[in-house]
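Enquirer:
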Amino acid sequence: MALDKNHIAKRIAQELQSGYYVNLGIGIPTLVANYVPPGLEIEFQSENGILGMGPFPVEGQEDPDLINAGKQTITALPGASFFDSSTSFGMIRGQHVDLTVLGAMEVSERGDIANWKIPGKLVKGMGGAMDLVASAKNIIVAMMQVNRSGESKLVSHCSLPLTGVACVKRIVTELAVFDIVKEGFLLVERAPGETIETIQNATAGTLIVPDQIPEMRFSL
Amino acid sequence: MALDKNHIAKRIAQELQSGYYVNLGIGIPTLVANYVPPGLEIEFQSENGILGMGPFPVEGQEDPDLINAGKQTITALPGASFFDSSTSFGMIRGQHVDLTVLGAMEVSERGDIANWKIPGKLVKGMGGAMDLVASAKNIIVAMMQVNRSGESKLVSHCSLPLTGVACVKRIVTELAVFDIVKEGFLLVERAPGETIETIQNATAGTLIVPDQIPEMRFSL
Amino acid sequence: MITKTVADVADALHGIQNGMTVMVGGFGLSGIPENAIAELVRLEVKNLTCISNNAGVDDFGLGLLLQKKQIHTMIASYVGENTLFEQQMISGELEVILTPQGTLAEKCRAAQMGIPAFYTPAGYGTEVAEGKETREFDGKQFVLETAYKADFALVKAWKGDEAGNLIFRGTARNFNPLMCGAATITVAEVEELLPAGALNPNEIHVPGIFVNRIFKGIRFEKRIEQRTVQPK
Amino acid sequence: MITKTVADVADALHGIQNGMTVMVGGFGLSGIPENAIAELVRLEVKNLTCISNNAGVDDFGLGLLLQKKQIHTMIASYVGENTLFEQQMISGELEVILTPQGTLAEKCRAAQMGIPAFYTPAGYGTEVAEGKETREFDGKQFVLETAYKADFALVKAWKGDEAGNLIFRGTARNFNPLMCGAATITVAEVEELLPAGALNPNEIHVPGIFVNRIFKGIRFEKRIEQRTVQPK
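Residue numbers (numbering that gives the first Met the number 0), protein chains in the order written: chain A, 0 to 219; chain B, 0 to 219; chain C, 0 to 231; chain D, 0 to 231.
(1) Per the contact definition of three or more C-beta pairs closer than 8 Å, is the stretch 111-123 of chain A in contact with the stretch 38-55 of chain A?
(2) How would you list, in chain order, the residues of chain B whose beta-carbon sits under 7 Å from the beta-carbon of residue 188 of chain C?
(3) What is the DSSP secondary structure of residue 46 of chain B, counted as helix, strand or coil?
(4) Going by Cα to Cα distance, which pick from B/100, B/136, B/206 is closest to residue 175 of chain B?
(5) Comparing the C-beta of residue 42 of chain A with each C-beta of chain D, is any distance below 8 Å?
(6) Give, in chain order, every residue of the stretch 47-79 of chain A whose Cβ lies closer than 9 Å to some Cβ of chain D.
(7) Would residue 206 of chain D count as contacting chain A if we go by Cβ distances under 8 Å?
(8) What residue range is occupied by the uninterrupted beta strand (DSSP E) comprising residue 170 of chain B?
(9) So what does DSSP say about residue 151 of chain B, is it helix, strand or coil?
(10) Using the beta-carbon of each residue, which ones in chain B are nearer than 9 Å to residue 196 of chain C?
(11) For residue 79 of chain B, which of B/53, B/107, B/97 has the nearest alpha-carbon?
(12) As a quick exercise: from B/153, B/141, B/92, pick the residue whose alpha carbon is nearest that of residue 26 of chain B.
(13) Residue 162 of chain B touches chain E at which residues, Cβ-Cβ below 7 Å?
(14) Is it right to say residue 199 of chain C is buried, meaning 16 or more other beta carbons lie within 10 angstroms of its own, or is it exposed?
(15) Could you tell me which chain B residues have their CB closer than 8 Å to the CB of residue 161 of chain C, listed as they occur along the chain?
(16) Are there 16 or more other CB atoms within 10 angstroms of the CB of residue 13 of chain D, so buried, or fewer, so exposed?
(17) Which bits of chain A does residue 87 of chain C rub up against, with CB to CB less than 9 Å?
(18) Verify the CB distance criterion: does residue 191 of chain C have a CB-CB separation below 8 Å to chain D?
(19) Just to confirm my understanding: we take residue 57 of chain C, look at its own chain, exclude 5 residues before and 5 after, and list those with CB closer than 7 Å. What are they?
(20) With 16 as the cutoff for other CB atoms within 10 Å, does residue 9 of chain D come out buried or exposed?
(21) With 8 Å set as the bound, which would you pick, yes or no: does the beta-carbon of residue 164 of chain C sit closer than that to a beta-carbon of chain B?
(22) Quick one: what does DSSP say residue 166 of chain B is sitting in, helix, strand or coil?
(23) Anyone know if the C-beta pair for residue 53 of chain D and residue 21 of chain D falls short of 8 Å?
(24) Please decide whether residue 209 of chain D counts as near chain A, where near means a Cβ-Cβ distance under 8 Å.
(25) What's the C-alpha gap between residue 39 of chain B and residue 210 of chain D?
(26) Taking the straight line between their C-alpha atoms, what separation do you get for residue 11 of chain B and residue 144 of chain B?
(27) Which residue marks the beginning of the alpha helix (DSSP H) containing residue 178 of chain D, and which one marks its end?
(28) Going by the C-beta, is residue 105 of chain C closer than 7 Å to any heavy atom of the ligand FMN?
(29) Unbroken alpha helix (DSSP H) runs of length 4 or more, entirely within the stretch 2-49 of chain B: which are they?
(30) Against chain D, with Cβ distances strictly below 8 Å, would residue 104 of chain A count as a contact?
(31) Going straight from the alpha carbon of residue 68 of chain A to that of residue 139 of chain D, what length do you get?
(32) May I ask which residues mark the beginning and end of the alpha helix (DSSP H) holding residue 143 of chain B?
(33) Which complete beta strand (DSSP E) runs does the stretch 56-129 of chain C hold, if anything under 3 residues is left out?
(34) Could you tell me whether the Cβ of residue 85 of chain A comes closer than 8 Å to any Cβ of chain C?
(35) As a quick exercise: from B/135, B/110, B/60, B/106, pick the residue whose alpha carbon is nearest that of residue 95 of chain B.
(36) State buried or exposed for residue 1 of chain A, treating a residue as buried only when at least 16 other CB atoms are found within 10 Å of its CB.
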């Protein structure tokens, strides 16, 4: 059974700990908010200037002065605060945000990440990604393991322009969970039913395969 | 007739222009607020975090949460705002404050100022003076021209530790008004009845005496 | 009190000229100075350098200036969602300088606060750091970034008073407070313009000293870029 | 929501130890964390490095710590009005590092915001700049200043909520917001502690992410240092 984006989000939600301030990037990371384990005290930060971000508003309650970094209409939960962009990135740069989850085009075996620019194609800009990856204590990448051309996104060295260097700590894909260690990508968990061979074939960089590799579990 | 501190303040008040944000130091500078020409739009900033500072409160209305940089109880005028110390010094450093008036122990003929430390004596600290003199576009020194030992405070080179270099624009004393120019202290006005000789004797640094030296006028 | 009120947007933008550098507040379409942007279009000032987090959409926000080819250089962190922008960038009509969002915010604040330069970790080891000084502090690498200054800063607030004090609403705050005072002339348009004393001095986000001209905007469409809702 | 409430000042200062660096908010006696200071006296922690704009007066504020000789190093901009301080400084018991006030504020903010260093004009050409890098930007000279970090930051706010959000009152704000998050553990004491949702998110001066522990202070004397009035 191949995992989908929601499974990746579910697995990442297991990384959440009570007391975490979390910044979720656009795409798969956004889905993590749907799977916060009950009872955990978590606050979501959106870098355009809100802490304590809530779900989308009920229809008719949309407020143009209340959006997230993906420019989507949102709500504010009790205990929320609004602030300017400098304060917002101060939270990020000052490592007050505990966890950043974002997507990537490539991650290298030393934890470099590329996710903002494909030379020769349209460049939309890095937004807040460079600040986030240069600052966060704990960065998890959420992505599909191969790109649309079938090439692995877990590489020895990034070929695309970098967003940040040696910053990614963990990667969760539809095939496995990897930690960045000194030697490369350490295989930590595999998706239910996936073989080491499948995972190896989808990993272009150095893969470290320990003796025991538990399957991901989805208690939710 | 020797001028007193209030005359010095009155003369400095003539430097105020409509639209000026003004920071007044402790001592003679504080008195300037008493002589603002009517009709001028002026706001006083106090570096501990208020813009639009008003006079002392009426007895019984003192508020411990509303003080100026001299730790005196004050009031806030309509249009006032409160802010943190970083924002406050941002106003100063960013040259949004138009005029700074402060006292000095020594001013040199190139505009250096010393007003925070006497070696061997107790050092109380520079407070905000170093930020103010390094940042302000327009710095006027208000002081008596000689110290208690009878020595001139207008010197060739400061002997005391500096607060800032080449920053003072104008000096107003009980004897005269001086501008700092390339050649030294340019005598701009003299106090009513004071002779060039008296002023020269009270000036240790290079004094430039033009042909015409009008008397200070006190229209208020 | 120092009065900052001007009659209208025309007075507020008096002195703006071709070739100037203009900071424009807002994130996406939220908190953008709609009235000032419309006036820039009307005035047909050209060859502008715009500093703004985004470049609007095709028919709103800074997109309106792109339609008229009034922007020569765009300094932003993210410029997606705009096909006009793409075309002008690809054709070379438009120069684009991409800056990490937090760095952009801090560079505006630095200008506002009289700080000429600061170190940030953002962009270290990437092309953003090329040609810039880097330095290690406490074992980590940082990039030296300098302040952004502009001729005009155009911001949008919720409430303001005659003294130029501003209060923002929700996430429409974003870059607006940081651009106030980062330019020679800061122009604030507000939804509600009140007499001095009407705002609580404790609740003011931007003290009036950072604002040169303030006016009540005539029209605020406040367009929503991504309307996301839950069913009732 | 992440709860920051602790029961009392004892819980709030849990983990404080001899030799630590402690930031203390306030300007003069206005906005000082009276309850936390009293607890430091009670705990008899010694050999502290205190970062605070002032050092209190003989019998109030940080003066209470000076009475017990709990402070080894004082980092401040102005330390007048305190004879105990003078004696200990002259006798060499107390080390004093004087920092320009604006630089002190910005060094705290830099730590809070993850900026390791910045340039400021304050102190250029004076003994404050000795041993520091200086650099010219746009024809003016600046001094490189690095962030101040601390083990504990003790601040005082007017209102706060369970999520750690803070609102200050009047000029009692001063250094307090800048010290939040500039230390490993930030402790806020408030006059009013409210449930989450009670504060308007638009009016919050310090978001709770910068605060680790919050409690309602039991006693606020709020002493006035210079009572200046006009006759009725």
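Beta carbons: idealized from backbone N, C-alpha and C, even for Gly.
These numbers were taken from a predicted model, which means no experiment stands behind them.
Expert: Short version:
(1) Because the criterion of three Cβ pairs below 8 Å is not met, the stretch 38-55 of chain A and the stretch 111-123 of chain A do not touch.
(2) Residues of chain B passing the Cβ test: none, with the nearest at roughly 19 Å.
(3) Correct three-state label for residue 46 of chain B: coil.
(4) Out of B/100, B/136, B/206, B/206 has the C-alpha closest to the C-alpha of residue 175 of chain B.
(5) Yes, because at least one Cβ of chain D sits closer than 8 Å to the Cβ of residue 42 of chain A.
(6) Taking 9 Å as the Cβ-Cβ cut-off against chain D, the residues of the stretch 47-79 of chain A that qualify are 49, 50, 51, 75, 76, 77, 78, 79.
(7) It does; some Cβ of chain A falls within 8 Å.
(8) For residue 170 of chain B, the uninterrupted beta strand (DSSP E) segment begins and ends at 169-171.
(9) Looking at residue 151 of chain B - three-state DSSP - the assignment turns out to be strand.
(10) Within chain B, the residues near residue 196 of chain C are 76, 77, 78, 79.
(11) The option with the nearest alpha carbon to residue 79 of chain B is B/53.
(12) Of the candidates B/153, B/141, B/92, the one whose C-alpha sits nearest the C-alpha of residue 26 of chain B is B/141.
(13) Absent from the structure: chain E. Protein chains present are A, B, C and D.
(14) By the 10 Å Cβ count, residue 199 of chain C comes out exposed.
(15) The contact set of residue 161 of chain C on chain B, defined by CB atoms closer than 8 Å, consists of 78 in chain order.
(16) Around the beta carbon of residue 13 of chain D, fewer than 16 other beta carbons sit within 10 angstroms, so the residue counts as exposed.
(17) Contact annotation for residue 87 of chain C against chain A: no contact, minimum CB-CB distance about 12 Å [criterion: below 9 Å].
(18) So, not an interface residue.
(19) Excluding residues within five positions, the ones whose Cβ falls inside 7 Å are 81, 82, 83.
(20) Here residue 9 of chain D is exposed. Its C-beta has fewer than 16 other C-beta atoms within 10 Å.
(21) Answer yes: the Cβ-Cβ gap between residue 164 of chain C and chain B drops below 8 Å somewhere.
(22) In the structure shown, residue 166 of chain B falls within a coil segment according to DSSP collapsed to helix, strand and coil.
(23) Going by C-beta atoms, residue 53 of chain D is not nearer than 8 Å to residue 21 of chain D.
(24) Residue-level contact by beta carbon holds for residue 209 of chain D and chain A, with a gap shorter than 8 Å.
(25) Approximately 43 Å, taken between the alpha carbons.
(26) When the Cα atoms are used, residue 11 of chain B and residue 144 of chain B turn out to be separated by approximately 15 Å.
(27) Here the alpha helix (DSSP H) through residue 178 of chain D covers 175-178.
(28) In the structure shown, the ligand FMN is absent, as is every other ligand, since no ligand is present at all.
(29) With a minimum length of 4 residues, the continuous alpha helix (DSSP H) runs that stay inside the stretch 2-49 of chain B are 4-12, 27-30.
(30) No, no contact with chain D.
(31) Between the alpha carbons of residue 68 of chain A and residue 139 of chain D lies a gap of roughly 38 Å.
(32) No alpha helix (DSSP H) contains residue 143 of chain B, which DSSP labels as neither H nor E.
(33) Within the stretch 56-129 of chain C, complete beta strand (DSSP E) segments of at least 3 residues are found at 70-75, 94-97, 116-119, given in chain order.
(34) For residue 85 of chain A, at least one C-beta of chain C is nearer than 8 Å to its own C-beta.
(35) That would be B/135, whose Cα lies nearest to the Cα of residue 95 of chain B.
(36) So residue 1 of chain A ends up on the exposed side.
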